[in-house]
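> Top line first, the protein sequences correspond to chains A and B.
Heads up: the first sequence is residues 1 to 38, going by the working numbering.
Heads up: the second sequence is residues 1001 to 1248, going by the working numbering.
For each residue, glycine too, the CB sits at the ideal point set by N, CA and C.
All values reported here derive from a predicted model rather than from experimental measurement.
Next up is a structure, given as structure tokens.
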Amino acid sequence: PVVKRTVGEAAQHDKVARPVGFVPPPPPCPGRVHHFKI
Amino acid sequence: VPTAPPPPLGCDDPESEAAAELAVNYINDHSHHGYKFALNRIENVRVIPQGLNHKILFLELDLLETECHILSPTPLENCTVRSFTEHAVEGDCDVKLQNLDGKLSVLASKCHSHADSNEDVTRVCPDCPLLANLNNTQVLTAVTAALNSHNSKTAGAYLKLLEIGRARIQYHPVHLVFVEFAVAATNCSAGEAKANVDACQLLPDDQSNFGFCTATMATQPLQDVQVDCKLYGHQAGVTYSQPGQDTS
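Printed below as a string of structure tokens:
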């Protein structure tokens, strides 16, 4: 039988897959501002 | 099994930072007017592999104007970035580099500079003087008065104007004109210049004594000029191009 999976289940599954203390990497660009942005 | 492609280069990666540092030095070394620029942010980096140990890098850089004139011998790392309240000037640069056998070199660069908007400066600092056009009458009057004032008081070489670097005008609470300009020593003393100023010639580039002056002119109630000129001294290999003679 075909069962429709809920979005909630998928989100939960995704959370479990990440190791404890996982910090997403910063976006590769643009880089840090050295002085100030105008 | 083919190897996985390397991860994309991040803007804050050491390789990007090294390429940006080289690019900024290249840009300053190839500029003959205005001020030295310092790196503010790497906006983007793209790497195109060319083969074994060879790749092309495209950098988008955001630079900020420093207080060091391009003719100043002060190393860039010792140059202060122009503060926001002094009406900052930004440079947007596209730079093409190559990394061949681990050695980085700049192939080309293209930059555009623009001042921060008057509205941005005024919002943060309502009374701060704003940048004025370099051909503004008040600016030209201030520069002329300042240089005349310096030349009338100095016992050293008669100085001629090379270029006006920047100028700001303050209207409140008192009317002031702030100017900065580059100068070069001539083969005349101030006394000789008084007799025949047209005979005073800039020294050849390899002997030139370049310098930089800052001045403030008040016009009300009376005209008053405060000027401070410093000569950089002899510098081998530094040249100044007359406006319109640049090749890059």
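Which partner residues of Phe36/A appear in the DSSP bridge assignment?
DSSP lists no partner for Phe36/A.
> Could you pull the DSSP bridge partners for Thr1214/B from this structure?
Glu1180/B, Asp1228/B
> Under three-state DSSP, which class holds Asn1028/B?
helix
> By how many angstroms is the C-alpha of Asp1198/B removed from the C-alpha of His35/A?
Approximately 45 Å, taken between the alpha carbons.
> In its own chain, which residues sit with a C-beta less than 7 Å from the C-beta of Asp1120/B, not counting the 5 before and 5 after it?
none
> Flag this pair as touching only if the region 1113-1132 of chain B and the region 1147-1164 of chain B have three or more C-beta atom pairs under 8 Å; answer yes or no.
no
> CA-CA distance, Val1106/B and Ala1195/B?
Each residue's alpha carbon lies about 49 Å from the other.
> Once the 5 residues before and after Ala1166/B are set aside, which same chain residues still bring their CB inside 7 Å of it?
In the sequence as presented, Ala is not what sits at residue 1166/B; that position holds Arg. So the qualifying residues of the chain are Leu1131, Glu1180.
> Who are the near neighbours of Arg1082/B in its chain, counting only those whose CB is closer than 7 Å to its CB and skipping five residues on each side?
Leu1064, Glu1065, Thr1066, Glu1067, Ala1088, Val1089
> Any contact of the region 1049-1064 of chain B with the region 1091-1101 of chain B, i.e. 3+ C-beta pairs under 8 Å?
yes
> Taking buried to mean at least 16 other C-beta atoms within 10 Å of its own C-beta, is Phe22/A buried or exposed?
That one is exposed.
> When the Cα atoms are used, what is the spatial distance from Gln1098/B to Gly1051/B?
12 Å
> Are the CB atoms of Cys1200/B and Tyr1158/B nearer to each other than 8 Å?
yes
> Tell me, to the nearest whole angstrom, how far the beta carbon of Ala1190/B is from that of Thr1154/B; I am working on the premise that it is less than 8 Å.
6 Å
> How long is the line joining the alpha carbons of Asn1136/B and Met1217/B, rounded to whole angstroms?
14 Å
> Taking only three categories from DSSP, how would you classify Asn1151/B?
helix
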